[in-house]
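Asks: Per full-length UniProt numbering, the very first residue in the sequence shown carries number 1; after that it's consecutive. Every residue, glycine too, gets a C-beta built ideally from N, C-alpha and C.
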Amino acid sequence: MEKIFKQNFNIREGEKLFKASQCYLSTTAGPIAGLLFISTDKVAFYSERAIKLSSPNRQPVRIHNKVVILLVKIKRANESQNTKRPSWEYREIETVDNFDFWFMALLNYRRTFKYLQGTLSISAQYLQLDQK
1 MEKIFKQNFN IREGEKLFKA SQCYLSTTAG PIAGLLFIST DKVAFYSERA
51 IKLSSPNRQP VRIHNKVVIL LVKIKRANES QNTKRPSWEY REIETVDNFD
101 FWFMALLNYR RTFKYLQGTL SISAQYLQLD QK
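In structure tokens, the structure reads:
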């Protein structure tokens, strides 16, 4: 999975991948299957399937859905459940510019959330050191 992460996202020197997990990104058009990556710098999502779009010259182009959220832009991460279906758990990431990203059907919700919380904690400590 590290190879997929490095091929599809800009990786800063020294950046390390902590966790990768299959999941779904919840969107208004429905859930999108893909991979969630948690690194020392970012939380990223890469869709399993490409979508087909038309380019300006009307040629079909296939692209993957990608989401990149820098850790310094994350306001909070929350755990949530569907009240109608308690077995459906979600992980919400809210950014400082008030965007919400919902991830569901993670193979191990607790472990993924633990990695996310730990990464955010480390990021906050580095930010405090930089400001001193």
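Determine the burial state of GLY30: buried for a count of at least 16 other Cβ atoms within 10 Å of its Cβ, exposed for fewer.
Replies: Residue numbering aside, residue 30 sits at position 30 when the sequence shown is read from its first letter. When all chains shown are included, GLY30 counts as exposed.
Asks: Please give the ranges of any alpha helix (DSSP H) in the segment 43 to 70, keeping only runs that are unbroken, at least 4 residues long and fully inside the region.
Replies: If we require 4 residues or more, the segment 43 to 70 turns out to have no alpha helix (DSSP H) run fully inside it.
Asks: Check whether the Cβ atoms of PHE5 and THR119 sit closer than 8 Å, and answer yes or no.
Replies: Residue numbering aside, residue 5 sits at position 5 when the sequence shown is read from its first letter. Residue numbering aside, residue 119 sits at position 119 when the sequence shown is read from its first letter. Contact flag unset, no.
Asks: Below 8 Å between beta carbons: does that hold for ILE38 and ILE51?
Replies: As a first step, residue 38 must be located in the sequence shown, where it is residue number 38. As a first step, residue 51 must be located in the sequence shown, where it is residue number 51. No, they are not a contact pair.
Asks: Roughly how many angstroms lie between the CA atoms of PHE9 and LEU71, to the nearest whole one?
Replies: Position 9 of the sequence shown holds residue 9. Position 71 of the sequence shown holds residue 71. Roughly 15 Å between the two C-alpha positions.
Asks: Exposed or buried, which one is LYS132 when buried takes at least 16 other CB atoms within 10 Å?
Replies: As a position in the sequence shown, residue 132 is number 132, starting the count at 1. Unreliable positioning characterises LYS132 in this predicted model, as indicated by a pLDDT of 49, which lies under 50. The coordinate reading is nonetheless provided below. The residue is exposed, with fewer than 16 neighbouring Cβ atoms inside 10 Å.
Asks: Give a yes or no on whether the C-beta atoms belonging to ILE74 and THR95 are separated by under 8 Å.
Replies: Locating residue 74 in the sequence shown gives position 74, counting from the first residue. Locating residue 95 in the sequence shown gives position 95, counting from the first residue. In this structure, THR95 lies closer than 8 Å to ILE74 by Cβ.
Asks: Ignore the nearest five residues each way along the sequence and tell me which others in GLN117's own chain have a CB closer than 8 Å to its CB.
Replies: In the sequence shown, counting from the first residue as 1, residue 117 sits at position 117. Within the same chain, GLN117 has close Cβ partners ALA77.
Asks: Just how far apart, CA to CA, sit GLU92 and GLU79?
Replies: Counted from its first residue, the sequence shown places residue 92 at position 92. Counted from its first residue, the sequence shown places residue 79 at position 79. Straight-line Cα distance between these residues: approximately 6 Å.
Asks: Starting from the Cα of THR27, find the closest Cα among ALA20, PHE101 and GLU15 and give me that residue.
Replies: Your numbering for residue 27 matches position 27 in the sequence shown. Taking only the C-alpha atoms, the option nearest THR27 is PHE101.
Asks: If you reduce the DSSP assignment to three classes, tell me which class GLY118 lands in.
Replies: Taking the first residue of the sequence shown as 1, we reach residue 118 at position 118. Looking at GLY118 - three-state DSSP - the assignment turns out to be helix.
Asks: Looking at the secondary structure, which residues open and close the alpha helix (DSSP H) in which GLU2 lies?
Replies: As a position in the sequence shown, residue 2 is number 2, starting the count at 1. Run containing GLU2: 2 to 8, per the alpha helix (DSSP H) assignment.
Asks: Using the C-alpha atoms, what's the distance from ASN57 back to LYS42?
Replies: In the sequence shown, residue 42 corresponds to position 42, counting from 1. In the sequence shown, residue 57 corresponds to position 57, counting from 1. C-alpha separation (whole angstroms): 34 Å.
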